[in-house]
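Numbered according to our numbering, the sequence shown spans residues 11 to 225.
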Amino acid sequence: MSIHSPPMLLELAGCILLSDKSRSILDLEDLPIELFPPFFVEAFSRGHTEVLKKMVQAWPFTCLPLGALMRKPQLDMLRVALDGLDMLLALQDRPRRWKLQVLDLRMVPRNFWRTWSGDMVDACSPEDIKKNRTLKLGPAMAAKLPLKIFIDLCLTEGPLDEFLTLLFLWVTQRRDRLHLCCNRLKILAKPTSHTRNVLRLLQLDSVQKVEVHCT
């Protein structure tokens, strides 16, 4: 008899739950926390959008590093995440285990998706922990704080791509409830009114590195 390692068993459990999408949505409130990351990755890879929306609403960690799952900007997955957040923001009573404070859209590798133990997935990075001293708050208190969305941004003379256009429009309409943060900012063109409009959306104190190349 072969003995499966814990990660293999967790992955198998996620596959079984996803075989019945309606059941998996109902089971999220009782899903063990350590199953959320592998379950989310499996739903992401299979394109189970309704399951992903529900998982965003019930996310039991302070950070959701969605960008780390994308090799390139995926408009459909961004829309799924934003729809899930909209549903969450519309609720008067948040899910009991909900802790999400940071949606990280930076497309860089994160240990989060490779580590399924609770205290290793409490935040996106040490830098984000320093900026989030409220990591252990429950849903009631966390709901009073602005949600933070992290991106890396490169501004050029051309128009924004569809991914950023959707994100900035969504942020503009909800500025009182969230902060758009940018650690790395590149400006590769002379500043225009468009550039200034984008910069007005950012929490400028979140910028850690700036590159400006204007010719």
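C-beta atoms are modelled at their ideal positions from N, C-alpha and C, and glycine is treated no differently.
Item                                                                                      : Value
Simplified DSSP assignment, three categories, for Gln67                                   : helix
Nearest-angstrom beta carbon gap, Lys158 and Cys191 [assumed within contact, 8 angstroms] : 5 angstroms
Best match in Val220, Leu88, Asp93 for proximity to Asp114 [C-alpha to C-alpha]           : Leu88
Cα-Cα separation between Asp186 and Pro156, rounded to whole angstroms                    : 8 angstroms
Pro83 vs Phe173 beta-carbon contact at 8 angstroms                                        : yes
Residues bridged to Gln213 [DSSP beta-bridge criterion]                                   : Cys191
Nearest residue (CA-CA) to Cys164, options Glu221, Leu92, Phe71                           : Glu221
Exposure label - Cys73; buried when at least 16 CB within 10 Å                            : buried
Helix, strand or coil at Val220 according to DSSP, with G and I counted as helix          : strand
Nearest-angstrom Cα separation, counted from Thr59 out to Arg143                          : Annotation note: pLDDT 42 at Arg143 (below 50); position unreliable, no value reported.
Reference Leu179, options Ala199, Ala78, Glu167, Val208, closest by Cα                    : Val208
Where Asp86 sits in the DSSP three-state scheme                                           : helix
Beta-carbon proximity of Pro70 to Arg107, cut-off 8 angstroms                             : yes
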